[in-house]
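These notes are about the structure you will find just below.
Protein chains: 2
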Amino acid sequence: MQFMASPGGTLPRRPTIGVFDSGVGGLTVLRALLERIPDADYLYFGDSARLPYGSKSAATVAHYAVGAAHYLQDRGAELLVIACNTATALALDQIKAASRVGVIGVVEPGAQAAAAASRNRRVVVIGTEATVSSHAYRRALEAKGIAAREKACPLFVPLVEEGWVEHPVTEQVARIYLSEAFADDFRESDVLVLGCTHYPLIRSLLGRVAPEHVTIVDSAESTAHAVAEQLQVAPIESVRSHERRAYPRLKFFATDSAEKFRKMGTRFLGHAVEDVEHVDLKE
Amino acid sequence: MQFMASPGGTLPRRPTIGVFDSGVGGLTVLRALLERIPDADYLYFGDSARLPYGSKSAATVAHYAVGAAHYLQDRGAELLVIACNTATALALDQIKAASRVGVIGVVEPGAQAAAAASRNRRVVVIGTEATVSSHAYRRALEAKGIAAREKACPLFVPLVEEGWVEHPVTEQVARIYLSEAFADDFRESDVLVLGCTHYPLIRSLLGRVAPEHVTIVDSAESTAHAVAEQLQVAPIESVRSHERRAYPRLKFFATDSAEKFRKMGTRFLGHAVEDVEHVDLKE
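From first to last, the protein sequence lines are chains A and B. For the first sequence, position 235 matches number 225 in this note's numbering, and the numbering has no gaps at all. For the second sequence, position 100 matches number 90 in this note's numbering, and the numbering has no gaps at all.
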């Protein structure tokens, strides 16, 4: 990377960071990036016409993701963040091979944070069917000497999208999924990795339902941390507030209706989603 | 239509019927067609790489559906059944305009059956968000003098796909959705229309949860009935069994993995899904 940090931690010029996701879920990653690196320009691409990636094959996901990566680079992205766990799990190598700029996915930072947090070297990862089937998290964790159990939780995304983030049904579903995950050899796992961008919205519910000794690792936060490291951005608390002018510029592209993206996106980003452009991405 | 029925009700030659859906859900419509019109050839197109249509905009759905309709006609379909409620609701007119052959959607047959079944002229229709937002069922029912309440039930599809067809969570979700639907002016509705191809799999659960006086109308069955009428196929019970040789030929096309289609499809069709070809549909 060519970005150099000045001593105060501010960047000599604002980097343009491209964030890619299959829809609005990756806005939880953008949210974490905005908190960590506010003085940057962000281009967010949500492939909402073709979501969810979670139920699609590796070849299809790679095809879509590479197209989106090209689009973001053509628009000026100097670093790509693959905010979609499924796209990272299934297509990170292909996206890297097809990109002129640096590419950071969500799996490796999430696995690193989990490895650092686990004392008994046993980690549970929850995600979509496709992320779990790819075993990307398990491979990344095993490479660090950590045993991993991956558990697909396909109902969490629709429950979050239904707005049932604090709801008895979601709690019942979480009890079923987590009791299946934290069982047998993994009963004593001490880390739960949120391996899907929708899950931060039910983080506090999951915290209540998971066994008491469990630390929750959010891949979105871990990824924002990894991006800041790569850009050599100083931790925000080390910079005096007047030195850090936080005017992130945000531009959103959606392959489906801009209006729907705006409406749904607000809940994931935590504030209004404004400048959305509809993109008709030919295959 | 050019198909003429012989007096015994068998067709002089086998029609080729194209069935289109966003994925495997339309296999419940194919299942109903096979029961009603076994002596036909069927081409089934499941646009599984781009499902679900239920969360997409009208323009996107129309674009996808017209492409699939062309594909089926190019392969020899002489009649098109749009098995997807969302595609019918959002794009039937565009598909008809773009097709050389007859096109039958699932909404009108479902609405007709509901109108015939309702004594108090009040009907509840459940479906995906997109089907409900289009108000296609309400328009079709109001044209027949029937008051309709449409209720989106976005969790039913993922619950069915999770395999939780007889499950306490699904029952709890159904109680919530149906109590919201059968309320106020629609407390006394006597018909519940299953306006989504996934719902026949939880038909018996819905039958238990719905108020006792309610008749369930399945759009899949109503559509098969409408297709048989258009092809002038005699009711199966009026044909002596030896006169009706039931050798349907089935060919499936899927835009995502053929293997996934085969695996998931079996539950919807009720028997093995065999001859599946992967199709890479360029936009």
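Glycine included, each C-beta is placed from N, C-alpha and C at the ideal position. On a predicted model such as this, the values are computed, not experimentally measured, just so you know.
Taking 8 angstroms as the upper bound on Cβ-Cβ separation, chain A lies near residues P144, L145, V147, P148, L149, E151 and E152 of the stretch 136 to 152 of chain B. Residues of the stretch 241 to 256 of chain B with a C-beta atom less than 7 angstroms from some C-beta of chain A are D246, S247 and K250, listed in chain order. At the C-beta level, R252(A) and Y32(A) stay beyond 8 angstroms of one another.
For V217(B), the closest alpha carbon among the candidates E132(B), S12(B) and G100(B) is that of G100(B). By the CB criterion at 8 angstroms, V71(A) and I27(A) fall outside the cutoff.
For chain B, none of the residues of the stretch 185 to 205 of chain A brings a beta carbon within less than 8 angstroms of one of its beta carbons. Residue burial annotation: S108(B) is buried, with at least 16 other C-beta atoms found within 10 angstroms of its C-beta. Burial check for D37(A): the Cβ neighbour count within 10 Å reaches 16 or more, so the residue is buried. In this structure A214(A) is in contact with V19(A), their Cβ atoms being roughly 7 angstroms apart against a cut-off of 8 angstroms. A77(A) and A120(B) have their alpha carbons spaced roughly 26 angstroms apart. Here F172(B) carries a coil assignment [DSSP, helix/strand/coil].
Looking at the DSSP output, G36(B) bridges to D11(B) and A244(B).
The C-beta separation of Y127(B) from A138(B) comes to about 6 angstroms, placing the pair in contact by the 8 angstroms criterion.
With respect to chain A, the C-beta atom of S47(B) has a partner C-beta closer than 8 angstroms.
Looking at the DSSP output, I116(A) bridges to K141(A) and L184(A). Assigned with DSSP and collapsed to three states, G260(B) falls in coil, not helix or strand.
Rounded to whole angstroms, E267(A) and S47(B) show a C-alpha spacing of 15 angstroms. Excluding five sequence positions before and after L17(B), the CB atoms of its chain that fall closer than 6 angstroms to its own CB belong to G255, F258 and L259, given in chain order. Neighbours of A39(B) in chain A, taken as residues whose beta carbon is under 7 angstroms from its own, are K46 and T50 in chain order. Two segments are said to touch when three or more pairs of C-beta atoms, one from each, lie closer than 8 angstroms; by this definition the stretch 151 to 168 of chain A does not touch the stretch 91 to 99 of chain A. Where V207(B) is concerned, the enclosing beta strand (DSSP E) starts and stops at T205 to D208. A direct Cα-Cα distance of roughly 21 angstroms separates A52(B) from F242(B).
DSSP places L20(B) in the uninterrupted alpha helix (DSSP H) bounded by L17 to R26. Taking a 10 Å sphere around the C-beta of G135(A), we find fewer than 16 other C-beta atoms and assign the residue as exposed. Taking 8 angstroms as the upper bound on Cβ-Cβ separation, chain A lies near residues P158, V159, Q162, V163 and I166 of the stretch 158 to 176 of chain B. Nearest to S209(B) by C-alpha distance, out of A59(B), H203(B), A248(B) and L182(B), is L182(B). The bridge partners DSSP lists for H268(B) are A244(B).
As a beta-bridge residue in DSSP terms, T6(A) pairs with D31(A). Using a 10 angstroms sphere on the CB of D83(B), the tally of other CB atoms stays under 16, which defines it as exposed. Linking A248(B) to V147(B) through their CA atoms gives a straight-line distance of about 20 angstroms. Linking L196(B) to Q220(B) through their CA atoms gives a straight-line distance of about 30 angstroms. Rounded to whole angstroms, the separation of the alpha carbons of R112(B) and H157(A) is 31 angstroms. In the three-state DSSP reduction, G95(A) falls in the strand class (E or B). From the listed residues A106(B), L62(B) and G117(B), the smallest Cα separation to H188(B) is found for G117(B).
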